[in-house]
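Some notes on the structure that comes next.
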Amino acid sequence: MATDQPVEAEAVELLDDSAAAPSWAVITWLRRFFWIGREDSRNGISPGEWIAYSLLILMAGVMRLWDLGSRALHHDESLHSYFSWELFNSGTFAHNPMMHGPLQFEANAAIFFLLGDSDYTSRILYAVMGTILVAMPILLRTRLGKLGAVLVSGMLAFSPALLYFSRFARNDILMAAWTVGLIACMWRYMDDGKNRYLYFAAGLLAFAFATKETAYLVTAILGLFLFVIATPDHWRSVKINLNITSGETSPPAALWRIGSGIWSYLSHGMDLSKLSRSASFLLLLITITLPQWSAAASIFQNTALLNWSNLTLANPDTINPIGAASGGGIVIAFLVVVAMLGISAYLGFKWRWGVWWRCAVIFYVIWALLYSTFFTNWHGLESGVWQ
Numbered sequence: 010m011a012t013d014q015p016v017e018a019e020a021v022e023l024l025d026d027s028a029a030a031p032s033w034a035v036i037t038w039l040r041r042f043f044w045i046g047r048e049d050s051r052n053g054i055s056p057g058e059w060i061a062y063s064l065l066i067l068m069a070g071v072m073r074l075w076d077l078g079s080r081a082l083h084h085d086e087s088l089h090s091y092f093s094w095e096l097f098n099s100g101t102f103a104h105n106p107m108m109h110g111p112l113q114f115e116a117n118a119a120i121f122f123l124l125g126d127s128d129y130t131s132r133i134l135y136a137v138m139g140t141i142l143v144a145m146p147i148l149l150r151t152r153l154g155k156l157g158a159v160l161v162s163g164m165l166a167f168s169p170a171l172l173y174f175s176r177f178a179r180n181d182i183l184m185a186a187w188t189v190g191l192i193a194c195m196w197r198y199m200d201d202g203k204n205r206y207l208y209f210a211a212g213l214l215a216f217a218f219a220t221k222e223t224a225y226l227v228t229a230i231l232g233l234f235l236f237v238i239a240t241p242d243h244w245r246s247v248k249i250n251l252n253i254t255s256g257e258t259s260p261p262a263a264l265w266r267i268g269s270g271i272w273s274y275l276s277h278g279m280d281l282s283k284l285s286r287s288a289s290f291l292l293l294l295i296t297i298t299l300p301q302w303s304a305a306a307s308i309f310q311n312t313a314l315l316n317w318s319n320l321t322l323a324n325p326d327t328i329n330p331i332g333a334a335s336g337g338g339i340v341i342a343f344l345v346v347v348a349m350l351g352i353s354a355y356l357g358f359k360w361r362w363g364v365w366w367r368c369a370v371i372f373y374v375i376w377a378l379l380y381s382t383f384f385t386n387w388h389g390l391e392s393g394v395w396q
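Throughout, the numbering used here is defined as the position within the sequence shown, counted from one, plus 9.
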């Protein structure tokens, strides 16, 4: 029996190797096909990747554009299509926050002008953006890996939810594309530090804020992520002068010294021009979008802070236009917006003025063009920033 045990063990090992051989062969083939571990002269993109992305984008486009107009319009689609048609037909459009940002109406009106108005053309914008979304993991290859980025593209292409919203005339898929683009710019800037990613990010932020209010959530989530990433880089500078000794400094004293150290660092010792890349991108997110948060001041309208003044910073849902300031509240709203712009510009000046003002111009030119419907509806600037 003793002599049979090694033979039996060897047989089991051979069976395991033979079973694993096909799996290793597939993995080896994939590595060679995608040139994993080596770089191509064309930014490291292998022929295998080009083939995979091309096939996925082609299949995604076919699935999103095929028979696009056969289904009856959903209620939301009918609103978006109707007001887009009104803009195309009469050349006038008034931004109403009830239907979110103006971007999709203006883009759809342009499509109606070029291709005619129909159920099919009312959904082309979303189908095209859904197809572009499938290609966007190419921008994330340095973080996801070559094979990982291709797999993500595949999941985006065949996701039932994303396929549905790519064939649906609503702004969900547009926000998905802007968000992935912002994440790509953020990661690229953190890796390379090139200013062009900041400029692209400013443009994407403008499109996002002109698309839907979820832009606030996206900005807050990315900002929280960047804050967590950036904190260790700057905590070292705060920690040096804290003079906290374990077992000797009491907890209240430690908390006081930490708070004082952070305040001193922010108010005196922090050089904005020497921020880490993650902190720089965070600063850009905050300063570029800060005036967009101005209407948050209206939450104090019915508190002891402003209740005595009878100022209306945001109309209730019984008075039109809902959410807009009225009477003396208009002056307060204007001053809040101006103050937010001033704070943004000051922080941008202290950071990197030559880069910041270009980002600000990119953001506000796009934002103003879209909210004013190319300067045909000046009231859109007011409703865009406050309502």
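Ideal Cβ placement from N, Cα and C applies to all residues, glycine included.
Confirm, please, whether the CB-CB distance from alanine 178 to histidine 83 is below 9 Å.
-> A Cβ-Cβ contact shorter than 9 Å links histidine 83 with alanine 178.
Thinking C-alpha only, which one of Leu378, Thr296, Ala333 is nearest isoleucine 308?
-> Ala333
How big is the Cα-Cα spacing for aspartate 49 and leucine 148?
-> In this prediction, aspartate 49 has a pLDDT of 46, which is less than 50 and means its spatial position is unreliable; nothing more can be read from the coordinates.
Tell me where the alpha helix (DSSP H) around aspartate 201 begins and ends.
-> 181 to 201
Secondary structure at serine 335, three-state DSSP: helix, strand or coil?
-> strand
Should threonine 209 and glycine 232 be called a contact, given that it needs their Cβ atoms to be closer than 9 Å?
-> In the sequence on display, residue 209 carries phenylalanine and not threonine. No. Outside cutoff.
Serine 67 to arginine 73 span [Cα, whole Å] | At residue 67 the sequence reads leucine, which differs from the serine that was named. Roughly 10 Å separates the two Cα atoms.
Environment of arginine 176 [buried if 16+ CB atoms lie within 10 Å] | buried
Nearest residue (CA-CA) to leucine 112, options Val364, Leu213, Leu284 = Ranking Val364, Leu213, Leu284 by Cα distance to leucine 112 puts Leu213 first.
Output the distance between the C-alpha atoms of leucine 356 and threonine 240, rounded to the nearest integer angstrom.
-> 18 Å
Threonine 151 - containing alpha helix (DSSP H), residue span | 150 to 153
Which of helix, strand or coil DSSP assigns to threonine 220 = coil
Taking the continuous alpha helix (DSSP H) assigned at asparagine 98, which residues delimit it?
-> 84 to 99
In this structure, what does DSSP give as the bridge partners for threonine 321?
-> Ser335
Closest residue to leucine 65 among Ser127, Asn180, Ser87, Thr140 (Cα-Cα distance) = Thr140
For phenylalanine 97, I'd like the list of residues in its chain whose CB is within less than 7 Å of its CB, leaving aside the five on either flank, ordered along the chain.
-> Ala118, Phe121, Phe122, Asp126
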